[in-house]
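In this note's numbering, the protein residues as written are 3 to 282. Report on the following structure.
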DNA sequence: CATATGTCCTGAGAGC
DNA sequence: TGCTCTCAGGACATAT
């Protein structure tokens with residue numbers, strides 16, 4: 003489930019490879035069907051040979067490694083992908099390894115248990131046209147006016163709209179629930195019905211939740227999958243207010259009991275008391 | 001054009 | 001105990 007905070011933690015965690023030159027690329031075939039790798043393996047390896055990592059970045063929920071020839075490695079972890087500079091949780095689900103010329107440089111791994119993620123090598127033009135152009139403003143950079151302008155005409159529920167990466171980039175199922183709870187907005191509330199004070203609270207809650215989650219290095223859920231680049235668990239799961247807490251008392255109002263509902267085939271958690279369905 | 005649904009994948013946990 | 005079923009949710013293809 004890596005969302006913005008987890009992917010940002012990955013990006014920061016691999017900053018040490020900036021300036022390193024690629025010596026060798028290892029594609030781990032194993033018994034798995036091919037990972038979402040493009041271009042085809044031989045070309046992928048050839049185009050990376052001798053390249054230097056110029057910078058790291060993030061586009062929504064993707065980690066970007068910018069190379070010295072302006073190509074970019076685009077890592078999309080989806081549900082269970084991890085970018086690591088240390089030994090992975092297991093060797094069975096390793097997909098890709100990159101070794102560097104400098105002896106002291108750590109090896110860069112891509113590990114993915116479920117294999118829904120992908121690793122692509124794109125030109126800067128492809129990165130712009132295929133990736134960046136399909137994303138809305140980053141959730142950490144969006145202004146309150148942009149947020150309202152982009153979402154308020156949607157006929158969908160606010161939580162469903164927050165998950166639409168073309169409207170705002172970086173928020174996933176877990177953080178959407180946490181953000182709406184902090185903002186005291188019901189997830190089923192249609193975007194068109196939000197009033198000014200709610201847009202204000204929503205914008206504030208997006209920043210507050212995401213910054214705190216980054217500070218905690220993301221959320222490691224009960225399955226234990228998510229890890230930072232050094233294979234350490236995140237800490238934000240200890241701050242979750244509603245996610246996976248159905249039946250517990252609401253931490254905001256101390257009166258409501260957290261409910262689990264389903265929207266767009268995704269589990270949603272909210273407090274029926276302080277996240278009222280009608281506008282404020 | 002906007003929105004809705006089906007699909008991929010593995011492993012954990014429930015229920016019998 | 002061992003089997004089957006359900007669920008978890010990223011992004012995208014296809015349908016409405």
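All residues carry an ideal CB built from backbone N, CA and C; glycine is no exception.
Just to confirm my understanding: we take residue i, look at its own chain, exclude 5 residues before and 5 after, and list those with CB closer than 7 Å. What are they?
i: residue 95; result: 113, 114, 115
i: residue 276; result: 186, 252, 254, 255, 258
i: residue 266; result: 162
i: residue 180; result: 211, 242, 243, 244, 245
i: residue 176; result: 3, 5, 221, 245
Just to confirm my understanding: we take residue i, look at its own chain, exclude 5 residues before and 5 after, and list those with CB closer than 6 Å. What are they?
i: residue 30; result: 96, 97
i: residue 38; result: 120
i: residue 101; result: 25, 26, 109
i: residue 146; result: 205
i: residue 156; result: 163, 193
i: residue 126; result: 72
i: residue 122; result: 40, 76
Say yes only if the C-beta of residue i is nearer than 7 Å to one or more non-hydrogen atoms of the ligand COA, and no if none qualify.
i: residue 208; result: The model on display carries no ligand, and the ligand COA is accordingly not part of it.
With a CB to CB cut of under 8 Å and the five nearest residues on each side skipped, what residues in its chain are close to residue i?
i: residue 232; result: 15, 86, 87, 88
i: residue 90; result: 84, 96, 111, 113, 233
i: residue 20; result: 55, 56, 57, 58
i: residue 230; result: 11, 12, 15, 219, 220, 236
i: residue 273; result: 183, 244, 252, 254, 255, 258, 259, 260, 261
Residue i by DSSP, collapsed to three states: which one?
i: residue 151; result: helix
i: residue 203; result: helix
i: residue 277; result: coil
i: residue 77; result: strand
i: residue 112; result: strand
i: residue 15; result: helix
i: residue 282; result: Any reading at residue 282 needs caution, since the residue's pLDDT is 41, under 50, leaving its predicted position unreliable; the model's value is listed next. Of the three classes helix, strand and coil, the one that applies to residue 282 here is coil, per DSSP.
i: residue 137; result: coil
i: residue 174; result: coil
i: residue 211; result: helix
i: residue 83; result: strand
i: residue 165; result: coil
i: residue 217; result: helix
i: residue 179; result: helix
i: residue 266; result: coil
i: residue 7; result: helix
i: residue 234; result: coil
i: residue 242; result: coil
i: residue 223; result: coil
i: residue 198; result: helix
Report the partner residues of residue i according to the DSSP bridge assignment.
i: residue 192; result: 159
i: residue 144; result: None; residue 144 has no bridge partner.
i: residue 66; result: 59, 76
i: residue 272; result: 261
i: residue 122; result: 40, 76
i: residue 26; result: 101
i: residue 54; result: 23
i: residue 251; result: 259
i: residue 96; result: 113
Suppose you measure from the CA of residue i to the CA of residue j; what does that come to, to the nearest Å?
i: residue 93; j: residue 24; result: 22 Å
i: residue 128; j: residue 247; result: 41 Å
i: residue 6; j: residue 143; result: 12 Å
i: residue 44; j: residue 50; result: 10 Å
i: residue 263; j: residue 183; result: 14 Å
i: residue 62; j: residue 79; result: 11 Å
i: residue 104; j: residue 137; result: 36 Å
i: residue 260; j: residue 278; result: 13 Å
i: residue 58; j: residue 9; result: 12 Å
i: residue 41; j: residue 134; result: 19 Å
i: residue 207; j: residue 47; result: 42 Å
i: residue 77; j: residue 191; result: 33 Å
i: residue 268; j: residue 214; result: 24 Å
i: residue 65; j: residue 195; result: 35 Å
i: residue 124; j: residue 140; result: 20 Å
i: residue 132; j: residue 67; result: 16 Å
| task | Taking 8 Å as the threshold, find out whether the segment 236-246 comes into contact with the segment 213-222 through three or more Cβ pairs. | result | At 8 Å Cβ cutoff, the stretches touch.
| query | Is it a yes or a no for the segment 151-169 touching the segment 71-84, going by three-plus beta-carbon pairs under 8 Å? | reply | No, the segment 151-169 is not in contact with the segment 71-84.
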